[in-house]
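**Q** Quick one: structure below, then a few questions.
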Amino acid sequence: MLLLLLLQAAAPAPAPAPAAPASAAPAPAAWEVRDKTNPNGTMSVSTSVIARDGSSRLTVKCDKGAEAVVSVQFVSRQQLQEPAADGAYAPKSVGLRFDNGPAIAYDWQFQGRVAYNADAPAVTALTMFLSKAKAVQVETTTASNFAFMATFDAPKTDAPIRQVLSACGYTLGQVPPPVAAAKK
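Residue numbers (our numbering): 1 to 184.
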């Protein structure tokens with residue numbers, strides 16, 4: 001017994017446990033407005049929320065470069081669309097239900113896990129409904145043609161949506177005038 005205690009005391013101390021890896025930056029608060037200047041000098045302002053089940057993110061975004069463009073986007077953990085042989089992605093229908101109402105469907109642009117709609121009249125309608133809703137459900141299909149649904153909590157006030165729209169010169173509830181064509 002004494003020999004066992006002596007051997008135990010003579011044994012080197014176990015190596016300290018490795019330090020825990022640095023945790024990823026915390027996710028921004030739901031509907032927090034974020035400003036970003038991109039390396040090419042363009043600016044973006046966005047506000048977003050994670051789906052209740054964590055499957056995706058719903059975003060209202062202003063990209064301000066040569067033109068100001070507002071889009072409604074969602075990014076899924078699942079592949080939503082595969083490119084055609086030429087590398088192009090076909091648009092497909094996305095329905096949004098505000099507070100369990102009827103689906104409002106538009107054709108959205110897709111790129112893999114990302115879907116977006118930058119059509120000014122559609123964005124105007126979607127942001128109006130979103131600013132008044134308590135919840136929104138996004139419905140489309142995955143790249144494998146299975147149903148995709150995600151439910152998001154809407155912002156508590158219209159302030160974050162107004163702020164994003166304002167950054168691009170939009171006003172909540174008003175379709176912006178078309179961008180004038182450049183004169184030759």
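Glycine is no exception: its CB is placed at the ideal position from the N, C-alpha and C atoms.
Model, not experiment: these values are computed from the prediction.
Kindly provide the ranges of any alpha helix (DSSP H) runs that are 4 or more residues long and lie completely inside the segment 120-166, ordered along the chain.
**A** Runs found: 120-132.
**Q** On the criterion of 16 or more Cβ atoms from any shown chain inside 10 Å, does K132 qualify as buried, or is it exposed?
**A** Exposed.
**Q** Does at least one heavy atom of the ligand HEM sit under 7 Å from the Cβ of Q81?
**A** Only the bare structure without any ligand can be found here, which leaves the ligand HEM out of the picture.
**Q** Are the segment 73-81 and the segment 121-129 in contact at 8 Å, needing three or more beta carbon pairs?
**A** They do not touch, by the three-pair rule.
**Q** Can you check DSSP and say which residues form a bridge with Q174?
**A** Paired residue(s): T171.
**Q** Taking just the CA atoms, how far does D107 sit from V70?
**A** Rounded to the nearest angstrom, the two C-alpha atoms are 16 Å apart.
**Q** Have a look at L43 and N117 and give me their C-alpha separation to the nearest angstrom.
**A** In the sequence on display, residue 43 carries Met and not Leu. About 19 Å.
**Q** Would E139 pass as a contact of G112 if the rule is Cβ separation under 8 Å?
**A** Result no, Cβ atoms of E139 and G112 do not sit closer than 8 Å.
**Q** Leaving aside the five residues before and after P91 along the sequence, list all residues of the same chain whose C-beta is less than 8 Å from its C-beta, in chain order.
**A** Excluding residues within five positions, the ones whose Cβ falls inside 8 Å are D107, W108, Q109, F110.
**Q** Return the bridge partner residues of Q109 from the DSSP annotation.
**A** Q109 pairs with Y116.
**Q** Taking the straight line between their C-alpha atoms, what separation do you get for W31 and S46?
**A** Those two C-alpha atoms are separated by around 9 Å.
**Q** Where do the N-terminal and C-terminal ends of the beta strand (DSSP E) with R77 fall, by residue?
**A** Taken as a continuous stretch (DSSP letters only), R77 belongs to no beta strand (DSSP E), as it is neither H nor E.
**Q** Does DSSP classify S55 as helix, strand or coil?
**A** Residue state, collapsed to three classes: coil.
**Q** If L80 sits next to T151, beta carbons under 8 Å apart, how far is it from one beta carbon to the other, in whole angstroms?
**A** That pair is no contact at about 17 Å.
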